[in-house]
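Working notes for the structure below.
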Amino acid sequence: MKFHLSDFTKKSLNPGSDTDQQEDLGGQQPFALVKYFSFTSLTVILLASLVLTWSFSQNTRKTILERSEIYSRMFAESLNRQVFYLFILPTFVRYGRIALSDPIQFEQLDLIITDITRGMNIKSVTIFDSRENIISYATEAALVGKRNAGGIEYQKALQGESSTVFTSSGSVLSLLLPGSAPVSSQLQTYVPFRRDRGAMPGEIMGVVAVTQDLSADMKALFSLQFKIILFSLTVMAILFAVLSAIVIRADRIMEARAQERRELEKQLHESKRLAALGKMIASVSHEIKNPLGIVRSTAEIIAKRISKVAPGNEHLAAIIVQETTRLDGIVREFLDFARPKDLTLSPGSLNSLAERMAVFMEAEFQKKNIRPLLELDAAMPDIQMDGEQMYQVLLNIVFNAVHAMSEHGGTLTVRTNPLPGGGAVMEIADTGCGMSAEKLTQIFIPFYTDKNRGTGLGLAITKNIVEKHGGTISVESREGEGSTFSVRLGGGAAA
Ligand SMILES: Nc1ncnc2c1ncn2[C@@H]1O[C@H](COP(=O)(O)OP(=O)(O)OP(=O)(O)O)[C@@H](O)[C@H]1O
Ligand SMILES: [Mg+2]
Numbered sequence: 026m027k028f029h030l031s032d033f034t035k036k037s038l039n040p041g042s043d044t045d046q047q048e049d050l051g052g053q054q055p056f057a058l059v060k061y062f063s064f065t066s067l068t069v070i071l072l073a074s075l076v077l078t079w080s081f082s083q084n085t086r087k088t089i090l091e092r093s094e095i096y097s098r099m100f101a102e103s104l105n106r107q108v109f110y111l112f113i114l115p116t117f118v119r120y121g122r123i124a125l126s127d128p129i130q131f132e133q134l135d136l137i138i139t140d141i142t143r144g145m146n147i148k149s150v151t152i153f154d155s156r157e158n159i160i161s162y163a164t165e166a167a168l169v170g171k172r173n174a175g176g177i178e179y180q181k182a183l184q185g186e187s188s189t190v191f192t193s194s195g196s197v198l199s200l201l202l203p204g205s206a207p208v209s210s211q212l213q214t215y216v217p218f219r220r221d222r223g224a225m226p227g228e229i230m231g232v233v234a235v236t237q238d239l240s241a242d243m244k245a246l247f248s249l250q251f252k253i254i255l256f257s258l259t260v261m262a263i264l265f266a267v268l269s270a271i272v273i274r275a276d277r278i279m280e281a282r283a284q285e286r287r288e289l290e291k292q293l294h295e296s297k298r299l300a301a302l303g304k305m306i307a308s309v310s311h312e313i314k315n316p317l318g319i320v321r322s323t324a325e326i327i328a329k330r331i332s333k334v335a336p337g338n339e340h341l342a343a344i345i346v347q348e349t350t351r352l353d354g355i356v357r358e359f360l361d362f363a364r365p366k367d368l369t370l371s372p373g374s375l376n377s378l379a380e381r382m383a384v385f386m387e388a389e390f391q392k393k394n395i396r397p398l399l400e401l402d403a404a405m406p407d408i409q410m411d412g413e414q415m416y417q418v419l420l421n422i423v424f425n426a427v428h429a430m431s432e433h434g435g436t437l438t439v440r441t442n443p444l445p446g447g448g449a450v451m452e453i454a455d456t457g458c459g460m461s462a463e464k465l466t467q468i469f470i471p472f473y474t475d476k477n478r479g480t481g482l483g484l485a486i487t488k489n490i491v492e493k494h495g496g497t498i499s500v501e502s503r504e505g506e507g508s509t510f511s512v513r514l515g516g517g518a519a520a
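If you're matching positions, the sequence shown starts at 26 in our numbering and goes up one per residue.
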């Protein structure tokens, strides 16, 4: 059988690993879109509520102004009529002419206007002369006699057209910022002052300007505006917080799932890789095994005959036998890894495995100055296991421990304990060189070894056997202090 190492390219040992990233993206993208739409719709809702607030307050403001204007006009017309009948006509009859420069006439008019405005929502009344733009009468006495205060509205009123001027200062910010301009709003309506002719418009005798103070209305409007904005912002903030919390949680869950999937994929790739490796090793080992057996038996025959042919060279044949035996051991280990044997389960005790090991290793322990300590729980239950394979597990771990303590000797403790639910745990602790955290992550990987003559398969095979039993193997280690391997079988093994 021909076998080429190049057949086992990196790709065939790591099939599918380059698809990881794409699959990740596939899982994350829809959620990223949902996130994007959620936050965008929040922003849109916020903007929409701000626009709605603005248009609502604009409408309310418009309604207030329209109503106030109608009110002012009706008031001005009523004032026009009352002033005409109560002041103009009687004064004309009495004095022959109207002269507001006359304090008596002025006072009479003032009394009448004060009477009309009492209880009405009117701040001030101003009457302009029709011949020139001068204030003939004003409820604010300081304005009387002032020229050109009427502006274009005065001119329009002289043409018979009523008009309104709205002056306002301050905004919703006036309620928030202490130093900003206060809210002040006034509506000034200019209407022609006519000689009363009932329903028919009469001669224009002057112009009446009626001023309403709308500051309170505007303040109420701004306050409402402020409350709506505050409410929208609060609702938005709550929605945003809830959404963020959901997004963060979902992100975490997705990350955990992605991690889980990556783990599973890694395991799958690893088993594919191992299967490929196993195939390769099985082929190579199989090809080596038979010629090796022939070399070994030939060397044994030569060893017997060499003393006659070339005395003094017996050790050469012995070396060939020794080395081929070692090679045979390695090939067998390779085959064990590549073609794991099926389990033959029967009830057995971990304690007896430990005792068997202690007897088998006695000489080796003595040679290496290692003190074996068996702390075996007498109440250990029998568990379903393949005794021979579990013995191999124990030996692999013990060989490593012996190797780790080969320099100065030490103590090897084998401890057994029952687990709740009928299982058992066996701990093998050494006081050897220990391992770094980084090394701990590598030791179960096939072919990982730091020994000159090691294959690095001991722990990989060990793990395979334990896992085939449905058990777990774990290790704790401190550099320079030692290591403890724990094998759990049955019961709460997975715990
Ligand atoms: N008890 C231990 N103390 C310190 N290092 C250990 C211990 N057990 C294992 N190791 C480390 O783990 C590595 C891998 O062990 P593993 O048994 O898989 O292979 P190996 O012993 O090197 O070779 P072999 O296949 O012959 O057993 C070892 O080379 C060693 O560095
Ligand atoms: Mg080993």
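Backbone N, C-alpha and C fix where the C-beta goes; we use that ideal spot for every residue, glycine too.
Assigned secondary structure, residue i (DSSP; H/G/I helix, E/B strand, else coil)
i	result
K464	helix
A281	helix
S187	coil
S344	Checking the sequence, you will find Ile at residue 344 rather than Ser. Helix, per DSSP.
F472	coil
I152	strand
E501	strand
N489	helix
S322	helix
M382	helix
From the options, residue whose alpha carbon lies closest to that of residue i
i	options	result
F218	P115, Q347 and F109	F109
N376	F153, E452 and R143	E452
Q237	M145, M410, P443 and A301	M145
S209	V216, L317 and G195	G195
P372	S308, I229 and E413	E413
G483	P471, N442 and E492	P471
Residue i to residue j span [Cα, whole Å]
i	j	result
T192	S93	13 Å
I355	G515	31 Å
A324	K488	36 Å
D243	T78	Reading the sequence as shown, one finds Met at residue 243 and not Asp. The alpha-carbon atoms of M243 and T78 are separated by roughly 15 Å.
T44	I278	Here T44 scores only 43 on pLDDT, less than 50, and its place in the model should not be relied on; the value that follows carries that caveat. Roughly 22 Å separates the two Cα atoms.
R106	A167	25 Å
T369	M410	7 Å
A449	I306	33 Å
T88	L246	12 Å
S161	L239	25 Å
E132	S149	16 Å
A262	A283	31 Å
I490	Y473	18 Å
Q467	S66	50 Å
F385	I422	14 Å
S540	A388	The chain is shown from 26 up to 520; residue 540 falls before or after that span and cannot be answered.
Distance cut-off 7 Å: residue i Cβ against heavy atoms of ligand 2
i	result
F424	yes
N421	yes
L18	This structure cannot settle anything about residue 18, because the visible part of the chain is limited to 26 through 520.
L352	no
G479	yes
Check: residue i C-beta below 7 Å from any heavy atom of ligand 1
i	result
K393	no
I263	no
Y473	yes
A363	no
E358	yes
L484	yes
S508	yes
K476	yes
Buried versus exposed call for residue i [16 or more other C-beta atoms within 10 Å across all chains shown]
i	result
V427	buried
H433	exposed
G457	buried
S322	exposed
A403	exposed
R86	buried
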